[in-house]
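Single-structure report; data block below.
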Amino acid sequence: LAKFAVEQQQKLPHYFKSDDLQTFVAESLHDWALKQYKNNTSASPYFDEVLEMVTSNSWPIINTIVLGKLYKMAGLFAEKVGELESAFKWYHSAEEANPKKAGVKTRLEALAKKLNKPL
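Going by the working numbering, the first residue of the sequence shown is number 7, and it counts up by one from there.
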């Protein structure tokens, strides 16, 4: 339903704090995915679908905090299943989206060391 609403460029009510509908949906989905992560439960396919729309720019998000949160979450899920290269890339994207505030510095450094990669 959210995908359809974003495609129609529907607006959020004025009392919402988010910039636009896609940002609101992406941040809400991140919050849900974080709960899934903490409960050792998958957030697929919903998180993956929103992440794909954001990274392909089908859902452009200009809010750097929300972008950083999404990319960090993708890194956490990738790291959890042992996809360290992918996790490293997602953490790096989180850091690029929201420099020094994405909350991935320690994880990024640890993976860089483990994978013998420069930061």
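All C-beta atoms in this analysis are idealised placements derived from N, C-alpha and C, irrespective of residue type, glycine included.
Look at G81 and V110 and say whether their C-beta atoms are less than 8 Å apart.
Yes, they are a contact pair.
For A8, which of helix, strand or coil comes out of DSSP?
A8: helix per DSSP, three-state reduction.
Kindly indicate the opening and closing residues of the alpha helix (DSSP H) around W38.
Segment L27 to K44, the alpha helix (DSSP H) holding W38.
Assuming the contact rule is C-beta atoms closer than 8 Å, A108 and A100 should be a hit. Round their C-beta distance to whole Å, please.
With a Cβ gap of about 4 Å, A108 and A100 count as contacting.
Find out if the Cβ-Cβ distance for the pair F30, A39 is shorter than 8 Å.
Not closer than 8 Å, so no.
Express the C-alpha separation of F10 and S24 in angstroms, rounding to a whole number.
Between S24 and F10, the C-alpha separation is close to 18 Å.
I'd like to know whether the C-beta atoms of L121 and F83 end up nearer to each other than 8 Å.
Contact flag unset, no.
Take the Cβ of L76 as the centre, count every other Cβ of all protein chains shown within 10 Å, and call the residue buried at 16 or more, exposed below.
Flag for L76 reads buried.
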